[in-house]
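In my numbering, the protein residues as written are 105 to 226.
Backbone N, C-alpha and C fix where the C-beta goes; we use that ideal spot for every residue, glycine too.
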Amino acid sequence: MGKVSDIIDARLHELGIKGSKMCDDLGISRSTLTELRKGRSTTLKAERAILIADYLGISVEELVGNTDQKEKPLVNQDEELTEYLDELKNRPEMRMLFSLTKGAKKEDVEKAVKVIEALLGK
């Protein structure tokens with residue numbers, strides 16, 4: 105199983121994108137990537153893993169190096185999380201939502217969430 109940071113860096117290199125640009129595009133702190141690279145962090149929150157994998161054009165399984173089902177992925181895989189990830193990955197409207205927000209700034213995503221909440225009466 106490869107380190108998540110190695111997988112991210114290899115894919116960024118293939119795409120010709122700097123890690124700082126990816127972080128800026130996704131609205132995540134640059135320290136997230138730095139901590140992974142330095143080995144001070146070895147896992148990602150599910151939401152971040154999904155965003156990064158989508159940005160890099162790979163599956164979450166590829167991102168966490170889980171190419172062998174016998175190996176334990178770096179994202180905690182309790183039953184509820186697995187179900188949540190499957191739903192996000194398999195529902196067309198969820199994939200479209202992530203696709204549309206790929207290049208959005210954090211503020212834009214927050215505004216979109218507020219609009220959705222207003223539509224749902226929350």
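Which residue wins for smallest C-alpha separation from residue i, given the options the options?
i	options	result
A150	R144, S163, E139, R141	S163
D129	K142, G143, T138, I156	I156
T147	R134, K107, V213, Y188	K107
V213	L119, G131, I121, I111	G131
Grab me the residues of residue i's own chain with a C-beta within less than 7 Å of its C-beta, minus the 5 sequence neighbours each way, in chain order.
i	result
R115	L160, I162
A208	none
S145	E139
For residue i, count neighbouring C-beta atoms within 10 Å of its own C-beta (all shown protein chains included) and say buried if the count is 16 or more, exposed if not.
i	result
I220	exposed
D158	buried
A153	buried
M126	buried
L223	exposed
V168	buried
L119	exposed
Who are the Cβ neighbours of residue i in its own chain at under 6 Å, not counting the five residues just before and after it?
i	result
S109	L140, R141
S124	R134
G143	none
Secondary structure, alpha helix (DSSP H): runs of 4+ residues fully inside the segment 136-168: Segments of the alpha helix (DSSP H) lying fully in the segment 136-168: 150-160, 164-167.
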